[in-house]
Amino acid sequence: MKRTLGCCYYPEHWPEEIWAQDADRMAALGLTWVRIGEFAWSRIEPRPGDLQLDWLERAIETLGAAGLKVVLGTPTATPPRWMLSRHPDMLACDAEGRPRGFGSRRHYCFSHMPYRDEAVRITRILADRFGRNPHVAAWQTDNEYGCHDTVLSYSDAARAGFRRWCAARYGDVARLNAAWGTVFWSMEYGDFDEIDLPNLTVTEPNPAHVQAFRRFSSDQVVAFNRAQVEILRAHSAAPVAHNYMGRVTEFDHYATGADLDIASWDSYPLGFLEDRVGATPARQRAYARQGDPDFQAFHHDLYRAVAGEAPGAPAIPRWWVMEQQPGPVNWAPVNPAPLPGMVRLWTWEAFAHGAEAVLYFRWRQAPFAQEQLHAGLLRPDSVAAEGFAEAETVARELADAPEVAPAQAPVALIYDYDAEWAWNTQPQGDGLRYFDLVFEHYRALRRAGLSVDILPPTTRQLDGYRAVFAPGLVHVPDALKATLSAAKASVLIGPRSAARDVDFCLPVPLPPDWPGLDVTVSRLETFRSDMPRPLDGGGAAVHWLETLETRADPILTLEDGTPVLVGSQACFYCAAWLDESGLDRLVACVAKRADLSVTPMPEGLRCRDTGAERFWFNHTNAEIDSPDGPVPAAGVLRVAI
Ligand code: GAL
3 MKRTLGCCYY PEHWPEEIWA QDADRMAALG LTWVRIGEFA WSRIEPRPGD
53 LQLDWLERAI ETLGAAGLKV VLGTPTATPP RWMLSRHPDM LACDAEGRPR
103 GFGSRRHYCF SHMPYRDEAV RITRILADRF GRNPHVAAWQ TDNEYGCHDT
153 VLSYSDAARA GFRRWCAARY GDVARLNAAW GTVFWSMEYG DFDEIDLPNL
203 TVTEPNPAHV QAFRRFSSDQ VVAFNRAQVE ILRAHSAAPV AHNYMGRVTE
253 FDHYATGADL DIASWDSYPL GFLEDRVGAT PARQRAYARQ GDPDFQAFHH
303 DLYRAVAGEA PGAPAIPRWW VMEQQPGPVN WAPVNPAPLP GMVRLWTWEA
353 FAHGAEAVLY FRWRQAPFAQ EQLHAGLLRP DSVAAEGFAE AETVARELAD
403 APEVAPAQAP VALIYDYDAE WAWNTQPQGD GLRYFDLVFE HYRALRRAGL
453 SVDILPPTTR QLDGYRAVFA PGLVHVPDAL KATLSAAKAS VLIGPRSAAR
503 DVDFCLPVPL PPDWPGLDVT VSRLETFRSD MPRPLDGGGA AVHWLETLET
553 RADPILTLED GTPVLVGSQA CFYCAAWLDE SGLDRLVACV AKRADLSVTP
603 MPEGLRCRDT GAERFWFNHT NAEIDSPDGP VPAAGVLRVA I
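Each number in this note's numbering comes from the position in the sequence shown (counting from 1) with 2 added on.
Here it is in structure tokens:
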């Protein structure tokens, strides 16, 4: 696989006279890709039906003439103002029922069918005109589904769509009543048309209702995307991508990715650290100018898995970073500049995790509107900004780097969107999030120097993995249970595994009811974060602890002997949410039984293998020694293996 660079460009923001200079400069920098068009609807169709595509064609030709490959975005994340006059009810509504208005972006409800038709219409117009343009080498659908909390909408359109979805799923309202347990509190329905959305209830709504609404909302995103993809495929042979985000979990990215050829995501390490990693203040200070050492890597591995869902996915799944932070951003609580070296490090880190391309956002900083203070590779006056030289370095290094094929990692970690919604639906304690549980396991695996493959819950093939971690899967479909039970790897499940049936009721026999595992969860408690329960020998259970009825060997216990980790070589059950030291011990136990060697990493150092190279990434501001030699501060060491 050849690794390439690119950038995001907005020809509609700049005078046409400078497009050619820009294009030549991009090519001279060593860029291959340029993404355009994803917010340009008001210039493509300034008035309903008044199509202005010539300027876009000239932009594509200018970029193509410089040797660049164009990724053309469908502009459906930013419908023009006239669209709202045409469809006043197209806006999404928040949980209070208030419409989310015009004046920024993503002002549409996924369930509004007339807007979906408009999205299909504009996609067809673009695909028809540019589908066979030789410079259009890829497409991007919309922009960042789910950004700005836009998946869950409580609009009239969503209510109508949800009723249809329930009717299709349950067929008969009596079946829905039985599955949801609506007899509790006399919530029984006589007809699907009586079902409202689960907002504005007096106290908490039925969790089965909430979980169903979340599944419906995710399906709406998948359907919205699919409608565009079908049009693009009918007119163009170029691959289709979408740019996902960091820690956006409201829709099933695997299901969306199953319709696309390339999974990509937008990586803003410093913005994320402040805004959504959930790091402690001390950690935020330590990594303020480098970003979290695991958050980007987690998403690289996640989106590699999403890419693996593509129809007939190639052996090397195609995934990209569609937007890479090149300097300070403008949207986080604070917006520091990256430590010199980090833009290069982030780029190489993506390649180490198997990225095919990394595109910087954006080519030139905009002197107007919302993102005036967001860095680009160029300043608004076209002078190179700090990130430019680092991109130049990577381009030079790539020219000498071998072509690589990523190898299978020794450890798999299952990440499931349905489990994410289930924990949100019924957390049983403030702030308990599945994402954090899985991410904390991921961090522990990386602290042990292990490369990780993230896998979807639809995985049916675990050959080649020594260990599989599957914490927190609230509902485990039978096929996944069978796959995990038959795996040759050591499998870790719990806490909360198989704790709900498909309709969010507590199953009897009690969970996890797992083949080959003598464990029954008889009770669960959650507790204050300042009341950890120490483990015998170090570490602690935090937040969450299940009482186990078991005759299986205890491997880790609380100080009073209460079993926490039990099991055999084949399958382990963990009854608690563990702190960092507890997780390090858990990983060490599983690794030992799986015959996996671990290399404890110094703080801030991370390691990742491709098929041909080992990378060391130093996320700190001081040099660190690795087994392969010193790794400079904010630097990368790449050795052949
Ligand atoms: C992304 C988005 C871009 C731009 C960028 C700023 O989320 O796709 O359009 O807004 O953030 O960091």
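Glycine included, every Cβ here is placed at the ideal spot set by N, Cα and C.
Coarse secondary structure for residue i, derived from DSSP in three states
| i | result |
| --- | --- |
| residue 308 | helix |
| residue 132 | helix |
| residue 653 | With the chain covering only 3 through 643, there is no way to say anything about residue 653. |
| residue 145 | coil |
| residue 588 | helix |
| residue 326 | strand |
| residue 440 | helix |
| residue 420 | helix |
| residue 265 | strand |
| residue 34 | coil |
| residue 270 | coil |
| residue 283 | helix |
| residue 172 | helix |
| residue 13 | helix |
| residue 106 | coil |
| residue 396 | helix |
| residue 200 | coil |
| residue 495 | strand |
| residue 545 | strand |
| residue 426 | helix |
| residue 41 | coil |
| residue 611 | strand |
| residue 643 | coil |
| residue 535 | strand |
| residue 580 | strand |
| residue 190 | coil |
| residue 276 | helix |
| residue 486 | helix |
| residue 631 | strand |
| residue 388 | helix |
Cβ-based burial, residue i [other Cβ within 10 Å; buried from 16]
| i | result |
| --- | --- |
| residue 119 | exposed |
| residue 71 | buried |
| residue 427 | buried |
| residue 236 | exposed |
| residue 332 | exposed |
| residue 116 | exposed |
| residue 563 | exposed |
| residue 632 | exposed |
| residue 205 | exposed |
| residue 561 | exposed |
| residue 326 | buried |
| residue 203 | exposed |
| residue 39 | buried |
| residue 282 | exposed |
| residue 30 | exposed |
| residue 251 | buried |
| residue 358 | buried |
| residue 134 | exposed |
| residue 6 | buried |
| residue 306 | buried |
| residue 46 | buried |
| residue 457 | buried |
| residue 103 | exposed |
| residue 219 | buried |
Cβ-Cβ separation, residue j to residue i (assumed contact under 8 Å), whole Å
| i | j | result |
| --- | --- | --- |
| residue 297 | residue 274 | 6 Å |
| residue 580 | residue 565 | Contact flag wrong, Cβ pair sits at about 13 Å. |
| residue 208 | residue 189 | 6 Å |
| residue 167 | residue 221 | 7 Å |
| residue 234 | residue 215 | So it is not a contact: roughly 29 Å between Cβ atoms. |
| residue 114 | residue 159 | 4 Å |
| residue 378 | residue 328 | 6 Å |
| residue 1 | residue 635 | This structure gives no information on residue 1, because the portion of the chain shown stretches from 3 to 643. |
| residue 610 | residue 397 | Wrong, their Cβ atoms sit about 21 Å apart, outside the cutoff. |
| residue 367 | residue 381 | 6 Å |
| residue 588 | residue 576 | 6 Å |
Short CB-CB distance (under 8 Å) between residue i and chain D
| i | result |
| --- | --- |
| residue 294 | This model lacks chain D altogether; it includes just one protein chain. |
Minimum length 3: unbroken beta strand (DSSP E) runs contained in the region 452-478: 454-457 and 469-472
Within the region 312-365, ranges of the alpha helix (DSSP H) (whole runs, at least 4 residues): 344-354
Length-filtered (3 minimum) beta strand (DSSP E) runs lying within the region 222-247: 242-246
Runs of beta strand (DSSP E) wholly within the region 57-109 (minimum 3 residues, chain order): 71-75
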